[in-house]
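Data first, discussion second: the structure below is written as C-alpha cells.
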Amino acid sequence: MRINCVVVTYNREKLLKENITSLKAQTYHINKIFIINNHSTDDTANFLSQFSNDPQIQVCNLEKNVGGAGGFSYGIRLAVEDGCDYVWIMDDDTIPQSDTLERLAEATAIDDNIGFLCSKVVWTDGNLHKMNKCGILQPQHKTSLQSDPETYGFACNNCTFVSALFKSDAIYKVGLPYKEFFIWHDDIEYTSRIINAGFKGYYIDKSVAVHKTEKNYAPRVYDVGEKDLWKFYYQARNTTFMARMLKPNKLFFYISALNKYRIYIRRINKINNKEIRKALKKEVKRGCIDGLRFNPKIDYVQRL
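In case it helps, this note's numbering puts the sequence shown at residues 52 to 355.
See the structure below:
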C-alpha cells in the first residue's frame, strides 16, 4: 500500500524539524512527504533547502500564505497526482509516535469502503487534545478485523486534519478541501463531505499523535488570546456557509444564523477584557454577514 504524506507549515521551524524527524522514524514507510511551506517569514525555507536531494521529501514554497485550508488543498492534490492509495495529512506541530502510521495502515483493512481514518490526538501531557476530538458516532460502533480483533476502529462522521489518513478514491470522488476557507472548519466540512458521499470514517485509538500547541485548548471565544482574534472571522464565516449548505430552506437558515449570532454574542459578553470583547464582536459580525454570500467552489483531481 502506497502512502504519501502532506505537512503544512508556517513559521514553526523548530516544530517542523521535530515533525520531519518523527515522520522519518515511522515504522510504516512513507512513499513521499510533501512539505507545503505557507510563505513562512522565519528561517523555514532555509531549513527546508537541505532536503533538495532527499528523494522522499518534496518541498513546495508557496508565494503567499494561503492558510491551512489552502495548503492542504494544494498538498493533497500533489500527493494524489503523484500516485498513492492513501494520503496522510497534518500540521507542522503534529508529532506522531513511531507507529502512528502503521496503526492507521493496519486499520484500512477493517472496512472495504473507508474514506478516512483518524488518530487519537493528545496534548503534551497525554490528555486528549480539546481541539481535535473527532465526531464518534453515538452509540459507539466498533468495527474489528476478523483475523485480528485487536485491529479496530470506532465509526465517526468527521475529524480534524491532525493525523488523518484519506483514501485516494474518496478524494477523487468528492474533490479537495475548500481552499477559500483559509483556516478553521475546512477539516470538519471535508470529512463530513466524504461521509455524505457514502464513505466510512473511523477513529483509530491505537494510532496516537501529539498536537504540540502552546496550551490544550478548543477554538472557543472564551479561550481566545489576543493574537488569535482574527481567526474567529473565518470560524463565523465558514460555519455560516456550512449551515447554509445544510439548510436549503432560506427561512430556516436565517433563523438558525440569527440564533448562532445571538449565542456568539452571549458567550463574548462573558469575557472580562473589554477590548477583546469589542474586537471579537467585530470579527464575528463580519464573518456571519460574509457567510451569507460566501460561495467557494470545489476543485477536483482528475485521474491520470
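Glycine is no exception: its CB is placed at the ideal position from the N, C-alpha and C atoms.
Through-space distance from residue j to residue i, alpha-carbon basis
{"i": "Arg128", "j": "Val352", "result": "6 angstroms"}
{"i": "Arg271", "j": "Tyr305", "result": "22 angstroms"}
{"i": "Asn3", "j": "Pro147", "result": "Coverage of the chain is limited to positions 52 through 355, which leaves residue 3 absent and any answer about it impossible."}
{"i": "Lys333", "j": "Ala248", "result": "36 angstroms"}
{"i": "Ala160", "j": "Lys218", "result": "12 angstroms"}
{"i": "Ala260", "j": "Gln77", "result": "12 angstroms"}
{"i": "Ser73", "j": "Lys329", "result": "42 angstroms"}
{"i": "Gly342", "j": "Ala294", "result": "9 angstroms"}
{"i": "Leu152", "j": "Gln197", "result": "21 angstroms"}
{"i": "Met182", "j": "Thr194", "result": "25 angstroms"}
{"i": "Tyr312", "j": "Asn300", "result": "18 angstroms"}
{"i": "Leu67", "j": "Asp279", "result": "21 angstroms"}
{"i": "Thr175", "j": "His262", "result": "7 angstroms"}
{"i": "Ala96", "j": "Asn112", "result": "7 angstroms"}
{"i": "Arg354", "j": "Asp220", "result": "10 angstroms"}
{"i": "Lys282", "j": "Lys230", "result": "15 angstroms"}
{"i": "Asn346", "j": "Ile340", "result": "13 angstroms"}
{"i": "Cys207", "j": "Asp162", "result": "13 angstroms"}
{"i": "Val58", "j": "Gly276", "result": "25 angstroms"}
{"i": "Tyr79", "j": "Ser100", "result": "25 angstroms"}
{"i": "Ile316", "j": "Ser91", "result": "34 angstroms"}
{"i": "Lys298", "j": "Lys75", "result": "44 angstroms"}
{"i": "Asp105", "j": "Leu309", "result": "52 angstroms"}
{"i": "Glu114", "j": "Ala120", "result": "15 angstroms"}
{"i": "Ser265", "j": "Asn289", "result": "Residue 265 is actually Glu in this sequence, not Ser. In a straight line, the C-alpha of Glu265 is about 25 angstroms away from that of Asn289."}
{"i": "Asp274", "j": "Arg344", "result": "28 angstroms"}
{"i": "Ile187", "j": "Ala269", "result": "17 angstroms"}
C-beta contact flag for residue i and residue j at 9 angstroms
{"i": "Met141", "j": "Val213", "result": "yes"}
{"i": "Val110", "j": "Ile222", "result": "no"}
{"i": "Ala215", "j": "Asp238", "result": "yes"}
{"i": "Phe250", "j": "Asn164", "result": "yes"}
{"i": "Asn82", "j": "Asp133", "result": "yes"}
{"i": "Phe98", "j": "Glu64", "result": "yes"}
{"i": "Thr211", "j": "Cys185", "result": "yes"}
{"i": "Phe233", "j": "Gly118", "result": "yes"}
{"i": "Asn55", "j": "Val138", "result": "yes"}
{"i": "Leu227", "j": "Ile349", "result": "yes"}
Where the alpha helix (DSSP H) through residue i begins and ends
{"i": "Tyr305", "result": "301-319"}
{"i": "Gln286", "result": "282-297"}
{"i": "Lys332", "result": "325-342"}
{"i": "Asp256", "result": "From DSSP, Asp256 is part of no alpha helix (DSSP H) but of the beta strand (DSSP E) over 251-262."}
{"i": "Ile71", "result": "64-75"}
{"i": "Asn55", "result": "Here Asn55 belongs to no alpha helix (DSSP H); instead the beta strand (DSSP E) covers 54-60."}
{"i": "Ser243", "result": "237-247"}
{"i": "Thr444", "result": "Missing from the structure shown is residue 444; the chain here goes from 52 to 355 and no further."}
{"i": "Thr151", "result": "151-158"}
Beta-carbon separation (whole angstroms), residue i vs residue j, contact threshold 8 angstroms
{"i": "Asp136", "j": "Thr60", "result": "With a Cβ gap of about 24 angstroms, Asp136 and Thr60 do not count as contacting."}
{"i": "His416", "j": "Asn267", "result": "Nothing can be reported for residue 416: it is not among the residues displayed for the chain, which extend from 52 to 355."}
{"i": "Arg337", "j": "Tyr284", "result": "6 angstroms"}
{"i": "Asp93", "j": "Asn62", "result": "5 angstroms"}
{"i": "Asp235", "j": "Gln189", "result": "Here residue 235 turns out to be Trp, not Asp, going by the sequence shown. Trp235 to Gln189, Cβ: 24 angstroms. No contact."}
Boundaries (first-last residue) of the beta strand (DSSP E) holding residue i
{"i": "Phe217", "result": "215-218"}
{"i": "Thr202", "result": "199-207"}
{"i": "Leu129", "result": "Careful: Leu129 lies outside any beta strand (DSSP E), inside the alpha helix (DSSP H) at 118-132."}
{"i": "Tyr137", "result": "137-142"}
{"i": "Thr196", "result": "The sequence shown places Leu at residue 196, not Thr. Leu196 -> beta strand (DSSP E) spans 193-196."}
{"i": "Phe167", "result": "165-173"}
{"i": "Phe85", "result": "83-88"}
{"i": "Asn97", "result": "Premise fails: Asn97 lies in the alpha helix (DSSP H), 95-99, not in any beta strand (DSSP E)."}
{"i": "Pro228", "result": "First-last for Pro228: undefined, no H or E at that position."}
{"i": "Pro190", "result": "That residue, Pro190, is in no beta strand (DSSP E); it is neither H nor E in DSSP."}
{"i": "Ile322", "result": "Looking at the DSSP string, Ile322 is not in any beta strand (DSSP E), and its letter there is neither H nor E."}
{"i": "Thr145", "result": "145-147"}
{"i": "Val110", "result": "108-112"}
CB contact check: residue i to chain D, cutoff 9 angstroms
{"i": "Thr78", "result": "The structure shown contains no chain D; it is built from a single protein chain."}
Inset, instruction - Taking 8 angstroms as the threshold, find out whether the stretch 117-132 comes into contact with the stretch 81-92 through three or more Cβ pairs. - result: yes
Inset, instruction - Examine the Cβ distances between the stretch 145-158 and the stretch 234-243 and report whether three or more of them are shorter than 8 angstroms. - result: no
Legend entry - At least 3 beta-carbon pairs within less than 8 angstroms: the stretch 159-171 vs the stretch 247-259: yes
Inset, instruction - Could you tell me whether the stretch 316-331 touches the stretch 186-201, where touching means 3 or more Cβ pairs closer than 8 angstroms? - result: no
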